[in-house]
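Note that numbering that gives the first Met the number 0 gives residue 240 to position 241 of the sequence shown, counting from 1, and the numbers run on in steps of one. Contents: one structure, followed by commentary.
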Amino acid sequence: MSLDPELRERIVQSVSDGFDDQLAFTQKLVQMPSLRGREHPIQDLLYRELSSRGFAMDRFAMDHAAIEAHPGGSKFSEDHSDAPIVVGIHRPRAESGRSLILQSHLDVVPEGLHDMWTDPPFSARIDGDWMYGRGAADMKAGAAANIFALDALRRIGLQPAATVYVQSVVEEESTGNGALQTFLQGYTADAVLIPEPEEEMLVRANVGVLWFQVQLRGVPVHVREMSEGANAIDGATRIISALRQIEADWNAEKGAHPHFENEAHPINLNIGRIEGGDWASSVPSWCNIDCRVSIYPGRTAEDAAREITDRIAAFAQQDAFLSNNPPQIVFNGFYAEGYVLEPGTEAEAVLGRAHEAAIGAPLQSFMTPSYLDARVYALYNQIPALCYGPKSRNIHGIDESVSLSSVKRITQAMALFIAEWCGIQELET
């Protein structure tokens with residue numbers, strides 16, 4: 000049942016009343032450089048914030064063996080974070096509504112060269128409508144919105160009439176194993192809402208992602224005898240050409256995949272890092288290429304990984320040097336399938352009403368060719384996975400920023416969604 004118009008206005012106003020505090024908290028999050036493996040302090044902060052609001056608290060580590068045994072588990076490496084996952088649990092006096100997971104991740108990608116930023120990358124500077132900083136959009140504004148949407152209900156003496164789990168995970172930017180661990184831990188609900196920076200739209204379809212490293216070995220000699228050696232970096236450039244052919248072939252298949260057929264380039268292969276050699280006057284004996292590639296929903300990571308491995312091996316067989324020095328491929332991070340949110344769920348209908356009340360326009364959906372933790376909840380919890388959040392600029396880039404007016408509108412929509420989806424009851428005193 001739709002919310003009463005008077006109640007709807009009270010909730011929207013309550014978000015506005017608390018928005019200064021929400022911005023201050025978001026700035027505090029952005030100012031904490033929670034890079035991979037360094038998320039312990041920010042997860043501790045989330046634990047304290049949720050605990051101070053009266054949530055029942057849970058904090059747990061990732062179970063390597065359980066994740067490795069699950070088909071949705073991504074690959075561990077020495078860089079994998081050991082920061083804990085934090086869950087705050089709201090339990091109502093009586094369970095009369097539908098339960099909900101509010102999820103966010105607090106790990107951020109590396110900031111790049113600091114001298115390219117207008118301000119230090121963890122400044123959280125506000126300039127007009129924009130807050131700048133690594134992670135401001137992806138997705139610390141969303142993490143704060145999860146908490147402050149619930150605060151807005153509390154401010155007017157209300158609480159959800161169903162169980163709500165506020166989950167803060169890590170490893171979203173590299174494996175997705177944090178979200179998977181919440182599933183393995185047993186957490187589930189009737190729906191999940193993840194406020195990633197999605198331009199005030201709902202994600203309809205999302206790709207899977209693989210991370211892998213191609214390792215090549217050369218024959219080192221002094222450059223005066225260069226023709227007698229074999230340059231591993233030169234070999235890497237030939238392998239990159241072969242990888243680009245795989246990318247082109249997969250993009251050519253887009254017509255067979257609903258939600259992707261009208262995209263210009265739905266499958267993206269990124270050469271994210273290349274390292275090799277030891278000395279400018281020595282033919283390099285080694286080169287490693289770190290890659291990321293997306294895959295269509297419905298295709299397993301294992302199947303895509305097999306094709307990559309087989310095709311690189313076949314290419315190497317046709318190369319005079321690589322045929323005798325075959326490259327090795329190591330999968331070392333994301334190993335995740337994509338998902339599709341089928342239209343017609345009641346959760347989407349409720350979000351649509353909340354969005355229209357807060358934004359003033361119908362909710363639109365789209366395909367995004369990036370990894371999202373929503374895949375865990377869609378594929379394994381098998382619940383409606385709503386990925387929906389504020390407008391942003393330059394996520395993973397220089398001068399990343401999030402629109403503050405958009406954050407406010409999204410938080411209002413989230414509070415309205417929670418009130419209708421979960422139902423409301425008077426706050427316990």
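C-beta: ideal position from N, C-alpha, C; glycine also. Note that the structure is predicted; figures quoted are calculated from it, not measured.
Three-state secondary structure (DSSP) of residue i
| i | result |
| --- | --- |
| TRP278 | coil |
| PHE259 | coil |
| LEU350 | helix |
| TYR376 | helix |
| ASN393 | coil |
| GLY254 | helix |
| ASP247 | The residue asked about is misnamed: residue 247 is Ala in this sequence, not Asp. Reduced to three states, the DSSP call for ALA247 is helix. |
| GLN381 | coil |
| LEU2 | coil |
| HIS79 | coil |
| ALA231 | helix |
| LEU242 | helix |
| VAL108 | coil |
Residue span of the alpha helix (DSSP H) that contains residue i, given as start and end
| i | result |
| --- | --- |
| ALA142 | 140–154 |
| HIS39 | 39–51 |
| THR25 | 18–29 |
| LEU183 | 176–183 |
| ILE307 | 300–316 |
| HIS63 | 63–68 |
For residue i, the residue or residues it bridges with in DSSP
| i | result |
| --- | --- |
| LEU215 | CYS286 |
| PRO159 | ILE423 |
| MET56 | GLY87 |
| ILE193 | CYS386 |
| ALA204 | VAL339 and MET366 |
| TYR295 | In DSSP, TYR295 forms no bridge with anything. |
| ARG272 | ASP289 |
| VAL165 | GLY87 and LEU101 |
| ILE125 | MET130 |
| TRP116 | TRP116 pairs with nothing; no bridge assigned. |
| LEU209 | VAL292 and TYR334 |
| LEU34 | VAL107 |
Residue j beta carbon less than 8 Å from that of residue i
| i | j | result |
| --- | --- | --- |
| SER1 | GLU419 | yes |
| GLY207 | ALA300 | yes |
| ILE311 | ALA241 | yes |
| ALA384 | TYR338 | yes |
| GLY234 | PHE365 | no |
| GLN102 | ILE193 | yes |
| ALA140 | VAL406 | yes |
| ASN324 | ARG216 | yes |
| ALA123 | GLN30 | yes |
| SER400 | ASN393 | yes |
| ASN380 | PHE182 | yes |
| ALA144 | ILE423 | no |
| TRP210 | ILE397 | no |
| ILE100 | ALA188 | yes |
| GLU336 | GLY72 | no |
| GLU77 | GLY388 | no |
| VAL202 | LEU340 | yes |
| GLY127 | ASP372 | no |
| TYR186 | VAL86 | yes |
| PRO326 | ILE238 | yes |
| VAL108 | GLU172 | yes |
| ALA68 | ALA414 | no |
| ASN205 | ARG374 | yes |
Any C-beta of chain C under 8 Å from that of residue i
| i | result |
| --- | --- |
| ARG90 | The structure shown contains no chain C, having only a single protein chain. |
Run of the beta strand (DSSP E) containing residue i, from where it starts to where it stops
| i | result |
| --- | --- |
| GLY332 | 327–335 |
| TRP129 | 129–131 |
| ILE266 | It is not in any beta strand (DSSP E) - ILE266 carries neither H nor E in the DSSP assignment. |
| SER103 | 99–104 |
At which residue ranges does the segment 397–421 contain complete alpha helix (DSSP H) runs of 4 or more residues, listed in the order of the chain? If we require 4 residues or more, the alpha helix (DSSP H) runs fully inside the segment 397–421 come out as 403–421.
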